[in-house]
Each structure stands twice: as structure tokens, then as C-alpha cells.
Amino acid sequence: MPDAIRVLYVDDEPALLDICKLFLETREHFIVDTLTSATNALTAATLDTYDAIISDYQMPDMDGIEFLRQVRSSGNSIPFVLFTGRGREDVVIEAINNGADFYLQKGGDPKAQFA
């Protein structure tokens with residue numbers, strides 16, 4: 020699939036990782052890699068090989084905002100979507116101020132969220 024969009028999805032909830040991967044990869048032109056830790060994403064993944072990152076906000080080792088900060092501080096401008104169960108306005112503002120391209124609140128139909 021030469022024109023595939025490569026997505027890295029980082030979330031500490033394996034069930035959500037599976038749903039996202041299954042849903043996006045059943046559509047044409049998506050390849051989704053998943054990791055359960057932002058720390059692992061920074062150390063194990065070559066972020067330059069991806070076209071976009073989707074990250075959960077609340078994770079045990081490093082939250083999504085700190086992950087975003089580290090990605091941006093390395094000079095990487097990859098599109099970054101923060102996906103969180105928290106709908107607090109302060110989290111949205113912090114995400115946007117740190118370079119997030121989009122913010123989604125978890126909840127409801129997973130198909131609608133990944134569409």
C-alpha cells in the first residue's frame with residue numbers, strides 16, 4: 020500500500036487500541052501501529068515514519084500533553100491528535116497551546132470517533 024497513511028496510536032487501554040486499529044485499517048489507505056506507553060513511543064518508535072499521532076491524555080507513565088511536548092521539542096511537526104476521556108477546558112487549552120492539531124473527547128460510538 021504505497022499511499023497508505025501511517026498512524027501511531029498511543030493509549031494505555033488495549034481495547035481502544037484494537038478498536039481504532041480495526042476500524043481504520045478496514046478503510047483503505049490506513050496502517051495503524053499501536054503502543055500502550057508514550058515513553059515506549061519516544062524510545063522505540065521512529066516517529067518520522069508516521070503521518071500522524073493519536074495519543075490518549077491520561078496514561079500512567081507520561082500524559083499525552085507531556086508526550087506532545089517532547090515530540091514538538093524534538094522539532095517534529097507531525098499532526099498530533101489528543102484523545103481523552105476528560106472534557107475539561109484547561110486540558111484542551113493546554114493541548115492546543117503545546118501544538119496539538121486536534122482534540123477529541125472519548126465517549127459514545129467508537130466508529131463515530133474514528134471516522
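Here the working numbering is used: the first residue of the sequence shown is 20, the next is one more, and so on. Note that CB positions come from ideal geometry on N, CA and C, so glycine has one too.
>> Cutting at 7 Å between CB atoms, please list the residues of its own chain near residue 118, excluding the five before and the five after it.
In response: 87, 91 and 99
> Do the CB positions of residue 122 and residue 73 come within less than 9 Å of each other?
Replying inline: no
> Just to confirm, are residue 70 and residue 97 a CB contact at a threshold of 9 Å?
Replying inline: yes
>> Short of 7 Å in beta carbon distance, which residues of its chain neighbour residue 82, apart from the five on each side in sequence? Order them along the chain.
In response: 76
> Identify the residues that DSSP records as bridge partners of residue 124: which are they?
Replying inline: 103
> Can you tell which of 114, 40 and 45 has the C-alpha that lies nearest to the C-alpha of residue 54?
Replying inline: 40
> At what residue ranges does the segment 32-75 contain a whole run of the alpha helix (DSSP H), taking only runs of 4 or more?
Replying inline: 33-44 and 57-63
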